[in-house]
Every structure is written in structure tokens, then in C-alpha cells.
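Q: Have a look at this one before I ask anything.
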């Protein structure tokens, strides 16, 4: 079985290889085959893809996903603008 440090590095590499995951704000902790992911991602899809990527690493027995989903400022403003337009007769295109 891999050491905790080796397992952590392998999971970090797998997160880097996963194109749908921005690993820049993800911390990986490995202890006895259990990998814990902490930090922040932009979407729930990204959170689930990070879990899947970690599960693909040999030696991972379980993944505890403690990632917080926090949209970037641009995504937050776009969602707020769309919400404000709901129920209104105004039409706008958000880019």
C-alpha cells in the first residue's frame, strides 16, 4: 500500500489531469487510504468530478469530499442578473 504522502501526491496529480476540475484551491489529505478533499470549487459538477478523479487512484479506499461550492464573481453576478430579470417583461442578453 502507498504511504499517505504518496497517495496524496497521486490524487493531486489525478486532479491536475482532470480537465473539468480546477485544482488550484483544492487541498488533499490522505490517511490510511481515506482521502479528504477540502477547499473551494465553482460548481457542484466540479465537486463531483473531483471525487471521481480521486476514486480512480489506486490505493484510495474512500473519499471524504468537504469541498465548498462557491461560484466565481462573474458567475455570481450573472446568476443574480438572471434572477432579477425573471418575472419581468424586459429582455437582455448576458455575455
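In the numbering used here, the protein residues as written are 4 to 98. Glycine included, each C-beta is placed from N, C-alpha and C at the ideal position.
#1: Please determine, among 34, 56 and 66, the residue with the shortest C-alpha to C-alpha distance to residue 19.
#2: Measure the alpha-carbon distance for residue 51 versus residue 29 and round it to whole angstroms.
#3: Can you have a look at residue 24 and say buried or exposed, based on whether 16 or more other CB atoms are within 10 angstroms of its CB?
#4: Whole angstroms is fine: what's the gap from residue 22's alpha carbon to residue 47's?
#5: From residue 17 to residue 32, what does the alpha carbon distance come to, in whole angstroms?
#6: To the nearest angstrom, how far is the alpha carbon of residue 13 from that of residue 60?
#7: Quick one: what's residue 48 bridged to in DSSP?
#8: Is residue 63 buried or exposed, if buried means 16 or more other CB atoms sit within 10 Å of its CB?
A: The structure says:
#1: 56
#2: 13 Å
#3: buried
#4: 15 Å
#5: 14 Å
#6: 7 Å
#7: Answer by DSSP bridge pairing: none, since residue 48 is not bridged.
#8: buried
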